[in-house]
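Below is one structure, written out as structure tokens, with a few remarks after it.
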Amino acid sequence: MWEHARLLRAVLLTASVLTLTGVHVPHQRTPDGWRFARLVPLTLSGFAIAGNIGHIATVTDNAYKLMYALTLNASNVHGVLMLVFLLFYRRRVHALLRQVAELERATVGCQLNGNFYQIQSRAVALIAIPVVSFSCWLIGFASMSEAKYPNYIIEWFIPTAFRGPHWYGVITAVQMMSGFVSNTCQMGFDVLLAGLAEGMTTFQERFVAYCEKHLALDCNDSKEVKPAILSGAPPGKLIKSKDEDDEEIGEHFRQLRTNRVAVWNVSAPISHTVPGAAGRQPLDRLGETDGSEAPPDLEWHLRQLASTYAAVRRLAADSASVCSMSILSLHATATGGLLLGTYVTMLMLFSKDVSTAPHLVGFLTFTLGMVLRVLVLSCSGSRLIESGERLHQTLAGLRWPAAASPAARFQLQLLLEQTRQPPALDGWGLFTVQKSNMLALFSFVLTYIVILIQMQVE
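Position 144 of the sequence shown, counting from 1, maps to 210 under our numbering, and the rest follow consecutively.
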């Protein structure tokens with residue numbers, strides 16, 4: 067089974083080779099060959115943006131053509147932004163992948179069955195969506211009765227000197243290649259974002275397994291711990307568990323039960339609460355001792371868990387710093403494309419022109435593809451938040467021996483405070499990537515569709 071970092075590097079390599087961008091090179095300086103090769107996708111993207119903007123300027127008097135052009139241009143602009151993102155943040159993306167690989171090695175001892183199923187299924191879905199969408203668009207174009215001049219794959223503004231049958235093949239090829247580059251760059255970013263979210267989810271799930279295995283009260287203890295429910299104790303307070311004879315047998319932290327989802331990252335860096343977290347030293351394997359005869363105690367396990375969890379929080383903060391603006395662009399493109407695309411699709415459905423049928427299949431697939439991509443990423447974002455909440459609930463619900471040292475109790479308190487707000491991916495601080503956003507968007511779009519139907523759009 068391919069681990070997260072290996073899968074993401076493979077996808078990045080594939081996207082780099084297909085688009086001639088060289089983003090798979092982790093070195094400080096890109097080789098000259100790749101630096102010249104990346105001029106090809108940049109030039110193609112420039113042609114696509116110029117052609118779309120020029121076409122938009124010529125169809126402002128026609129609502130149908132204007133909405134159609136705006137939807138396609140929004141996707142092209144987002145594709146160019148993803149191309150620039152991969153080129154500009156190339157070294158930082160590889161730094162994120164190195165962090166993921168380091169955490170994979172550090173938590174391999176707590177690996178669970180099916181840890182890699184989610185990332186693999188997400189990657190397959192995010193790769194298949196643009197492939198199917200682009201293929202349906204080309205099939206719809208090829209099925210037109212007159213797939214020749216002046217019928218182009220996408221309506222562009224073409225200068226007078228390049229109009230005519232002689233340039234038709236060249237312009238069509240440029241349109242196909244620019245669309246291929248745009249879709250490939252978007253696919254690469256989508257898989258990268260899903261991989262980072264699923265990777266952090268996997269690490270937190272392994273932390274839960276580590277807590278249940280190493281941090282619970284010793285099963286050989288002569289006293290069995292009963293769940294202590296003290297309604298008067300405030301949340302997060304260390305309370306004592308007692309047996310039927312009123313003898314103290316252990317301690318645990320009372321947890322506040324709530325359904326509210328915490329979505330914002332803590333403002334204070336982890337280095338302010340965990341000693342030594344500011345240095346980027348290699349992580350020790352979670353639960354692996356140095357070979358000494360004395361078995362590790364509770365404080366040692368807590369210290370190991372705290373240092374590894376701090377690395378996950380650093381990964382979440384770095385991921386948000388790198389991908390935040392791109393996440394905002396993706397959601398804005400999908401929202402605008404869904405609203406404008408719904409209007410255009412309804413016009414096509416109500417149109418009596420038979421020539422719009424091939425365009426309808428391709429455009430509908432294109433619009434649904436944008437929505438499905440955001441939906442897949444939203445599911446990964448929700449899983450990340452839920453795994454962080456499970457980790458906090460596991461730590462708060464564990465029972466601790468009465469003989470626990472003050473240092474262990476203090477370390478536990480720090481962990482509880484750090485896990486109170488789970489890591490999450492956000493779009494430039496405006497929203498959090500999770501499924502509830504998609505539900506709100508769908509409800510708004512359904513209302514929008516009902517209004518269009520009542521207006522009898524034609």
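Note that the Cβ used here is the ideal one computed from N, Cα and C, for glycine as well.
Predicted, not measured: the structure shown is a model, and the values here were computed from it.
- Membership of G206 in the alpha helix (DSSP H) is indicated by the continuous run Y183 to A208.
- When Cβ pairs closer than 8 Å are counted between the two stretches, the segment 238 to 257 is seen to touch the segment 130 to 146, the count reaching three or more.
- Shown here, D492 sits in a strand according to DSSP, grouped into three states.
- DSSP, reduced to helix, strand and coil, places W233 within a helical segment of the structure shown.
- Sequence-distant partners of P488 (beyond 5 residues in either direction) whose C-beta falls short of 6 Å from its own C-beta, in its chain, are I451, G454 and E455.
- Note that the C-beta distance between C251 and L149 is below 8 Å.
- In the DSSP assignment, H280 falls outside any alpha helix (DSSP H) and carries neither an H nor an E.
- Between the segment 73 to 90 and the segment 169 to 179, the count of C-beta pairs closer than 8 Å stays below three; the two stretches do not touch.
- With a cutoff of 8 Å on beta-carbon distance, G230 and Y218 are scored as not near each other.
- Counting along the chain, the unbroken alpha helix (DSSP H) around I115 starts and ends at L105 to T124.
- Residue range L364 to F416 is occupied by the alpha helix (DSSP H) that includes I393.
- Rounded to whole angstroms, the gap between the alpha carbons of C389 and A473 is 37 Å.
- When the beta-carbon positions are compared, G265 and H70 come within less than 8 Å of each other.
- In this structure, D256 keeps its C-beta atom at 8 Å or more from the C-beta atom of A386.
- By the neighbour-count definition (other C-beta atoms within 10 Å, threshold 16), P225 is an exposed residue.
- Here W494 has S390, M391 and L394 as same chain residues with Cβ atoms under 7 Å from its own Cβ, once five neighbours each way along the sequence are excluded.
- For H144, the uninterrupted alpha helix (DSSP H) run begins and ends at A129 to F154, by DSSP.
- Taking the Cα positions, Q186 is about 31 Å away from L110.
- Taken through DSSP and simplified to helix, strand or coil, T498 comes out as strand.
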